[in-house]
Amino acid sequence: YSFEFIETTVKGNIAVIELNRPRQLNSLNRKMVCEIVTAMEMFDREEEVRIIVLTGKGRSFSAGADIDEMTGDDPVSLELLNQFADWDRFTLIKKPIIGAVKGFVLGGGFELALCCDILIAASGTEFSFPEAGLGVMPGAGGTQRLTKLVGRTKALEWLWTGERISAETALKHGVINKVVAPELLMEETLKFANRLAKQPPLSLRLIKDSVNKAVDYPLYEGMQYERKNFYLLFASQDQKEGMSAFVEKRRPDYQGK
Ligand code: HXC
């Protein structure tokens, strides 16, 4: 694959996807979104890759959707373009996605960040949904994912005003997992990624699947779903490895099978 707007690297079990339009603060054009999700799907299928890291080159993670690209849109062209079909593909990625963000995380950039499972932000990062100020609103899951994360009270406040939310405030409201010094962003992210990469991949995968169901399903249905995934893990070699390593008092070596 050769990508125009992103760069990808694999080190050991960790794949890193970098948004690579730094002069436009990684504002997201449609091809770029397609490239990001295509790279994720590619790494999702690659056996050596256990964790996917998403980050951006330059001073900002992403200043949102490319406004120049949207100015001429009308409802019919948007319907025919069906750009959100690419955004739907993020939902199907099974491996853990860690977002490492800094600078501006705005609009579609914030929505992209919310597609990650774990978010680590450099101090000084500013999150916001500025769409209302442009006469529109989020369209790639912003109103849905933010509300499920922080509840309707804060979601309405942030979405209506477009105010900038600091990394500390985002942490307080459970939008992100960690705030780190800017110069340590990648180091801390890779440290976390490596820690996750030592866990049995199938467990991580089915935990993600079950936790996502917890967001969407009523409790009883969610618990039935969880149970099937729990049973499924007993068919894995890693379950046997994990439990025998415990009994034999040694370190487990997980193969992801
Ligand atoms: C297109 C953008 C852009 C964007 C920045 N740029 N954001 N181009 N779309 N979203 C470009 C600028 O035009 C400029 O290009 C260059 O990036 C650097 O930006 P500056 O404005 O010079 O930098 P600065 O003064 O530091 O201000 C940074 C900023 C500001 C506060 C982030 O750029 C800004 O307000 N951007 C727009 C943010 C926004 O409204 N995003 C939401 C988009 S709507 P030149 O060529 O002049 O150097 C959205 C809807 C999602 O995301 C819908 C679902 C997909």
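Using full-length UniProt numbering, the letters of the sequence shown map in sequence onto residues 2 to 258.
Yeah, the Cβ is synthetic: ideal placement off N, Cα and C, and Gly gets one too.
Predicted model, so just to flag it, every value in this text is computed and none were measured.
#1: Can you tell me whether DSSP reads Ile53 as helix, strand or coil?
#2: According to DSSP, is Lys258 helix, strand or coil?
#3: For the alpha helix (DSSP H) that Thr190 lies in, which residues bound it at each end?
#4: Would you kindly report the start and end of the unbroken alpha helix (DSSP H) that includes Phe128?
#5: So what's Ser245 in DSSP terms, helix, strand or just coil?
#6: From Leu79 to Pro139, what does the alpha carbon distance come to, in whole angstroms?
#7: Which parts of the region 77–140 are runs of the beta strand (DSSP E), unbroken and 3 residues or longer, counting only runs that do not cross its ends?
#8: Quick check: does the Cβ of Gly65 come within less than 6 Å of any heavy atom belonging to the ligand HXC?
#9: Taking Cβ positions, are Leu55 and Ile18 nearer each other than 7 Å?
#10: Can you confirm whether the region 167–176 touches the region 42–51 when touching is taken to mean that 3 or more C-beta pairs between the two stretches lie within less than 8 Å?
#11: Comparing C-alpha positions only, which one of Ser167, Arg228, Trp159, Val34 sits nearest to Gln145?
#12: Whole angstroms are fine: how far does the CA of Ala215 sit from the CA of Val232?
#13: In this structure, how does DSSP classify Glu8 when only helix, strand and coil are distinguished?
#14: Should the region 216–224 be called in touch with the region 49–65, which here means at least 3 C-beta pairs below 8 Å?
#15: Taking DSSP as the reference, what is the three-state secondary structure of Lys179?
#16: What residue range does the alpha helix (DSSP H) around Glu19 cover?
#17: Can you round the beta-carbon distance between Ile121 and Ile94 to whole angstroms, since I take them to be within the 8 Å contact cut?
#18: Is Phe128 near Ile166, with beta carbons less than 7 Å apart?
#19: Name the one or two DSSP bridge partners that Ala66 has.
Looking at the coordinates:
#1: Strand.
#2: Lys258 falls in the coil class under three-state DSSP.
#3: Per DSSP, Thr190 belongs to the alpha helix (DSSP H) from 186–198.
#4: Looking at the DSSP string, Phe128 is not in any alpha helix (DSSP H); the run it does join, the beta strand (DSSP E), is 127–129.
#5: Ser245 falls in the helix class under three-state DSSP.
#6: Straight-line Cα distance between these residues: approximately 14 Å.
#7: Look at the region 77–140 and you find these whole runs of beta strand (DSSP E), each 3 residues long or longer: 98–102, 105–107, 119–123, 127–129.
#8: The answer is yes for Gly65.
#9: Yes, the Cβ-Cβ distance between Leu55 and Ile18 is below 7 Å.
#10: No, the region 42–51 does not touch the region 167–176.
#11: When each option's Cα is compared against that of Gln145, the closest is Trp159.
#12: According to the sequence shown, residue 232 is Tyr rather than Val. Computed Cα separation, rounded: 18 Å.
#13: In the structure shown, Glu8 adopts extended strand secondary structure according to DSSP, grouped into three states.
#14: Contact fails: fewer than three Cβ-Cβ distances are below 8 Å.
#15: Of the three classes helix, strand and coil, the one that applies to Lys179 here is strand, per DSSP.
#16: The continuous stretches of alpha helix (DSSP H) do not include Glu19, which lies in the beta strand (DSSP E) extending over residues 15–20.
#17: Not really, about 18 Å apart at Cβ, beyond 8 Å.
#18: With respect to Ile166, Phe128 sits close: the two C-beta atoms are nearer than 7 Å.
#19: Ala66 is bridged to Leu29.
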